[in-house]
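Chemist:
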Amino acid sequence: MTEAEDEQLALVPAPGRRPRQSSPVEIAAVDPVAEVAVDVPLPHLDRPFEYAVPAAMADDAQPGVRVRVRFAGQDVEGYLLARRAEASHPGRLAPLRTVVSAEPVLSPELLGLCRAVADRWGGVLPDVLRLAVPRRHATTERRDPPEPATTPERPPSGRWDAYRAGPAFLDHVAAGGAPRAVWTALPGEDWAAVVATAVGTALSAGRGALVVVPDHRDVERVDAALTALLGTGRHVRLTADQGASARYRAWLLLRRGCVRAVVGTRAAAFAPVADLGLAVVWDDGDDLHAEPHAPYPHVREVLALRGEREGAAVLVGATTRTAETQAWLTAGTARSVEAPREQVRAAAPRVLLPGEGHEPERDPAASSARLPTVAWRAAQQGLAHGPVLVQVPRRGYRLSLRCDRCRAAARCGTCAGPLGQTSGHAVPACTWCGRPAADWRCPQCAGTRLRAAVLGQRRTAEELGRAFPGVPVRRSGAGEVLASVPDEPALVVATPGAEPVADGGYAAALLLDGWALLDRADLRAGEEALRRWVNAAALVRPGTRGGTVVLLAPAGLPPVEALVRWDPGWHAARELEERTSLSFPPAVALATLTGPAEAVTSLLQHAQLPGSAEVLGPVPVEVRGPAARAARGGGDGDEPPPARTLVRVPTPERTALARALHDAAAVRSARKEPGAVRVQVDPLDVL
DNA sequence: TAAAATGCATGT
DNA sequence: CATGCATTTTAC
Numbered sequence: 078m079t080e081a082e083d084e085q086l087a088l089v090p091a092p093g094r095r096p097r098q099s100s101p102v103e104i105a106a107v108d109p110v111a112e113v114a115v116d117v118p119l120p121h122l123d124r125p126f127e128y129a130v131p132a133a134m135a136d137d138a139q140p141g142v143r144v145r146v147r148f149a150g151q152d153v154e155g156y157l158l159a160r161r162a163e164a165s166h167p168g169r170l171a172p173l174r175t176v177v178s179a180e181p182v183l184s185p186e187l188l189g190l191c192r193a194v195a196d197r198w199g200g201v202l203p204d205v206l207r208l209a210v211p212r213r214h215a216t217t218e219r220r221d222p223p224e225p226a227t228t229p230e231r232p233p234s235g236r237w238d239a240y241r242a243g244p245a246f247l248d249h250v251a252a253g254g255a256p257r258a259v260w261t262a263l264p265g266e267d268w269a270a271v272v273a274t275a276v277g278t279a280l281s282a283g284r285g286a287l288v289v290v291p292d293h294r295d296v297e298r299v300d301a302a303l304t305a306l307l308g309t310g311r312h313v314r315l316t317a318d319q320g321a322s323a324r325y326r327a328w329l330l331l332r333r334g335c336v337r338a339v340v341g342t343r344a345a346a347f348a349p350v351a352d353l354g355l356a357v358v359w360d361d362g363d364d365l366h367a368e369p370h371a372p373y374p375h376v377r378e379v380l381a382l383r384g385e386r387e388g389a390a391v392l393v394g395a396t397t398r399t400a401e402t403q404a405w406l407t408a409g410t411a412r413s414v415e416a417p418r419e420q421v422r423a424a425a426p427r428v429l430l431p432g433e434g435h436e437p438e439r440d441p442a443a444s445s446a447r448l449p450t451v452a453w454r455a456a457q458q459g460l461a462h463g464p465v466l467v468q469v470p471r472r473g474y475r476l477s478l479r480c481d482r483c484r485a486a487a488r489c490g491t492c493a494g495p496l497g498q499t500s501g502h503a504v505p506a507c508t509w510c511g512r513p514a515a516d517w518r519c520p521q522c523a524g525t526r527l528r529a530a531v532l533g534q535r536r537t538a539e540e541l542g543r544a545f546p547g548v549p550v551r552r553s554g555a556g557e558v559l560a561s562v563p564d565e566p567a568l569v570v571a572t573p574g575a576e577p578v579a580d581g582g583y584a585a586a587l588l589l590d591g592w593a594l595l596d597r598a599d600l601r602a603g604e605e606a607l608r609r610w611v612n613a614a615a616l617v618r619p620g621t622r623g624g625t626v627v628l629l630a631p632a633g634l635p636p637v638e639a640l641v642r643w644d645p646g647w648h649a650a651r652e653l654e655e656r657t658s659l660s661f662p663p664a665v666a667l668a669t670l671t672g673p674a675e676a677v678t679s680l681l682q683h684a685q686l687p688g689s690a691e692v693l694g695p696v697p698v699e700v701r702g703p704a705a706r707a708a709r710g711g712g713d714g715d716e717p718p719p720a721r722t723l724v725r726v727p728t729p730e731r732t733a734l735a736r737a738l739h740d741a742a743a744v745r746s747a748r749k750e751p752g753a754v755r756v757q758v759d760p761l762d763v764l
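Take the first sequence: its letter number 497 is residue 574 in our numbering, and every next letter is one higher.
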């Protein structure tokens with residue numbers, strides 16, 4: 078080959094064979110290897126990958142920063158986890174493409190927590206990181222942080238004296254300990270103020286604190302209580318609806334240690350509070366604390382994990398008690414913080430039930446409002462002294478029934494209560510006494526067919542307005558949620574969870590969705606019914622001041638008895654015993670696998686389950702909701718039948734179960750097997 | 001979506 | 001049974 082030919086070959090490359098050889102980038106002199114978690118949610122890629130650190134990025138490429146890398150031909154985001162001197166990957170390392178920002182958002186503690194959460198729920202790290210780290214907002218990041226706040230001198234106290242073991246818990250927090258407490262709040266308690274006191278105690282001791290509450294309205298309450306106690310600038314809020322900039326700003330203030338306390342909704346469980354000393358969750362039974370995105374972690378359990386990892390105190394507070402926290406108490410892993418019985422009784426309202434099998438209604442006004450006499454009287458008497466709360470079922474949740482022919486309201490043959498029907502259930506039943514009305518016959522026209530009519534919040538409000546003329550009716554529900562109502566006579570109609578606080582306490586409350594627990598075939602139905610009733614009834618004045626609650630539900634059922642006696646601890650203990658005897662959560666650890674039948678079967682085959690594992694199913698499941706309709710209406714027609722399998726293990730095996738399911742999913746994803754299987758460890762709804 | 005690995009037809 | 005081209009798989 079002549080020199081000329083050689084030159085030609087070098088200068089004029091053949092088409093399609095351009096020398097793509099990237100110019101050799103200079104690699105960092107120190108620790109040239111970066112471990113990166115790439116943002117790809119495939120289980121078999123849930124591990125660090127190694128990249129070369131270009132010399133130009135050597136300073137910025139610190140552990141915790143966001144990076145961009147080439148991965149399988151694509152540009153993907155990721156987090157730099159660590160710098161190394163040597164690579165363990167035998168092949169060539171691709172260089173980091175860019176350091177997105179020098180802000181080390183993923184601290185070692187946060188990474189550790191996210192990894193632990195992924196492991197505990199059988200999920201992958203990138204999914205958890207998406208929950209834990211908010212989207213970057215460059216402008217916000219560039220702004221200089223304000224001056225760090227100072228520590229207050231005077232440790233707050235008070236409020237906690239009413240509770241046994243309460244002051245001891247605070248002392249423990251102040252002393253730098255990591256106690257775990259289950260706090261049962263007194264009815265009518267200003268719980269946000271009590272929580273604020275605990276946060277103040279942690280701050281005074283130079284420790285950070287975080288508070289997770291179910292919804293936005295509770296964030297407002299705790300925010301106000303914290304501001305009242307600590308002033309402004311000592312804490313931040315963190316909620317999903319606050320917008321990318323505000324959210325990232327609050328998050329960065331915590332991350333940079335400028336602010337040491339936070340209140341927020343479920344994602345705040347991951348808030349990067351420096352030197353965390355106290356983690357609080359309020360009303361852990363509220364299903365808003367269950368994350369709806371994979372891997373479906375629960376706030377209470379995330380905080381428990383975090384408390385252990387970071388040596389922080391954990392406080393689970395509620396007016397009721399879940400079977401889960403009862404299990405902590407039974408196992409001795411948490412202490413109960415509760416008021417003595419006499420104080421509970423003194424603070425609780427009087428609870429009345431409509432008598433069973435009573436004579437038909439005499440009072441026409443009561444009858445037109447479809448209220449039993451007790452309820453009507455309680456409302457009437459209450460209205461003389463203040464606002465009256467009416468808790469009604471959520472819209473669309475409960476159907477009232479009428480005669481299909483003459484439109485007369487269908488009534489119970491025994492107690493004349495209105496008949497109702499939960500969507501999906503066939504047999505209608507009395508909404509007062511719960512008796513099923515299988516062979517109903519219209520007393521007016523002898524018709525035998527029933528039609529369902531939605532008895533929503535608006536309708537109830539209208540009817541009550543007519544039954545109590547001249548009384549203002551306020552509504553609080555899905556459309557507009559009221560935070561509070563003034564201390565004056567009014568009917569306040571609210572759906573569960575949307576009850577406004579009454580300034581001087583409600584004079585009375587009518588709980589009209591008492592039957593909610595009768596039909597629901599759910600493991601937590603009783604617990605959930607009691608939680609809703611108690612949360613509403615706790616807003617009512619003490620019985621000693623005339624506060625009265627009427628619950629439209631049959632006597633005898635445990636949640637009903639628990640409300641009448643105001644003893645949520647008794648109910649939780651009973652609930653836990655029952656679930657233990659049935660091998661239900663939280664007495665066992667449980668996972669569900671949902672997806673196309675073959676996919677579920679395949680996942681099970683690949684899973685090296687612990688020897689103690691008990692597999693139930695798979696059974697076909699009907700998939701409900703818009704997703705299912707979309708899948709069915711898709712056109713092709715032959716969708717694979719969806720199935721669900723349940724796997725049950727003793728609680729100590731939970732992590733082993735989660736790992737087995739993760740690894741099996743990894744095998745499937747590596748083989749590109751078709752069909753997505755949803756793995757849920759400790760799902761909230763098990764039938 | 002880039003390189004590497006694999007598959008496959010073709011020509012010697 | 002090398003060779004070139006297309007397709008599939010990997011993932012640093």
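Virtual Cβ for every residue (Gly too), placed ideally from N, Cα, C.
Using DSSP with H/G/I as helix, E/B as strand and the rest coil, what is residue 705?
Modeler: Per-residue confidence for residue 705 stands at a pLDDT of 43, beneath the threshold of 50, marking its modelled position as unreliable; the derived number appears in the next sentence. Looking at residue 705 - three-state DSSP - the assignment turns out to be helix.
Chemist: Answer with buried or exposed for residue 285, where buried requires no fewer than 16 other C-beta atoms within 10 angstroms of its C-beta.
Modeler: buried
Chemist: Could you say if the segment 235–242 and the segment 412–427 meet the contact criterion of at least three C-beta pairs nearer than 8 Å?
Modeler: yes
Chemist: First and last residue of the alpha helix (DSSP H) that includes residue 453?
Modeler: 450–460
Chemist: Please determine, among 364, 369 and 356, the residue with the shortest C-alpha to C-alpha distance to residue 391.
Modeler: Comparing Cα positions, the closest option is 356.
Chemist: Any chance you could list the alpha helix (DSSP H) runs of at least 4 consecutive residues sitting entirely within the segment 142–214, in chain order?
Modeler: 185–197 and 202–209
Chemist: Excluding sequence positions up to five away, which residues of its chain have a Cβ less than 8 Å from the Cβ of residue 714?
Modeler: Its pLDDT being 47, under 50, residue 714 is placed unreliably by the model, and the measurement read from it follows with that caveat. Answer for residue 714: no residue qualifies.
Chemist: With residue 144 and residue 182 assumed to form a contact (beta carbons below 8 Å), what rounded beta-carbon distance in angstroms separates them?
Modeler: Going by Cβ atoms, the distance from residue 144 to residue 182 rounds to 11 Å, so no, they are not a contact pair.
Chemist: Return the chain-ordered list of same chain residues with a C-beta closer than 8 Å to the C-beta of residue 576, the five sequence neighbours on each side being excluded.
Modeler: 466, 468, 553, 569, 612, 613 and 616
Chemist: Return yes when the Cβ of residue 316 is within less than 7 Å of the Cβ of residue 296, no when it is not.
Modeler: yes
Chemist: State the CB to CB distance for the pair residue 290 and residue 250, rounded to an integer number of angstroms; the pair is presumed to be in contact (CB under 8 Å).
Modeler: With 8 Å as the limit, residue 290 and residue 250 do not qualify as a contact, their Cβ atoms being about 19 Å apart.
Chemist: Over what stretch of residues does the beta strand (DSSP E) that includes residue 691 continue unbroken?
Modeler: 691–697
Chemist: Quick check: what's the CA-CA separation for residue 739 versus residue 662?
Modeler: 21 Å
Chemist: Buried or exposed: where does residue 658 fall if 16 or more other Cβ atoms within 10 Å of its Cβ makes it buried?
Modeler: Residue 658 is classed as exposed because its beta carbon has fewer than 16 other beta carbons within 10 Å across all chains shown.
Chemist: Measuring straight from C-alpha to C-alpha, what distance separates residue 154 and residue 318?
Modeler: 24 Å
Chemist: Please name the residue or residues paired with residue 45 in a DSSP beta bridge.
Modeler: With the chain represented from 78 up to 764, any question about residue 45 goes unanswered, as that position is not in the structure.
Chemist: What are the start and end residues of the alpha helix (DSSP H) that includes residue 260?
Modeler: Segment 257–261 is the beta strand (DSSP E) holding residue 260; no alpha helix (DSSP H) there.
Chemist: Inspect the beta-carbon positions of residue 259 and residue 374 and report whether they are closer than 7 Å.
Modeler: Contact: no.
Chemist: What is the C-beta distance between residue 497 and residue 372, in whole angstroms, given that I count them as a contact (C-beta under 8 Å)?
Modeler: Going by Cβ atoms, the distance from residue 497 to residue 372 rounds to 37 Å, so no, they are not a contact pair.
Chemist: Taking the alpha carbon of residue 133 as the point to measure from, which residue in 419, 122, 102 and 303 has its own alpha carbon closest?
Modeler: Answer by Cα proximity: 102.
Chemist: Could you tell me the alpha carbon to alpha carbon distance between residue 403 and residue 653, rounded to whole angstroms?
Modeler: 7 Å
Chemist: Suppose the cutoff is 7 Å on Cβ atoms and the five residues either side in sequence are ignored; what does the same chain contact list for residue 263 look like?
Modeler: 239, 416, 420, 421 and 424
Chemist: Compare the Cα-Cα distances from residue 621 to each of 582, 407, 599 and 637 and report the closest residue.
Modeler: 582
Chemist: Residue 405 by DSSP, collapsed to three states: which one?
Modeler: helix
Chemist: For the putative contact between residue 370 and residue 358, defined by C-beta atoms under 8 Å, what is the C-beta separation to the nearest angstrom?
Modeler: Contact flag wrong, Cβ pair sits at about 18 Å.
Chemist: Identify whether residue 319 lies in helix, strand or coil by the three-state DSSP scheme.
Modeler: helix
Chemist: Determine the direct distance from the alpha carbon of residue 603 to that of residue 448, and round the result to whole angstroms.
Modeler: 23 Å
Chemist: Report the residue from 725, 632, 745 and 376 whose alpha carbon sits nearest the alpha carbon of residue 512.
Modeler: Comparing Cα-Cα distances from residue 512 to each of 725, 632, 745 and 376, the minimum goes to 632.
Chemist: Please say whether residue 157 and residue 215 have beta carbons closer to each other than 7 Å?
Modeler: no
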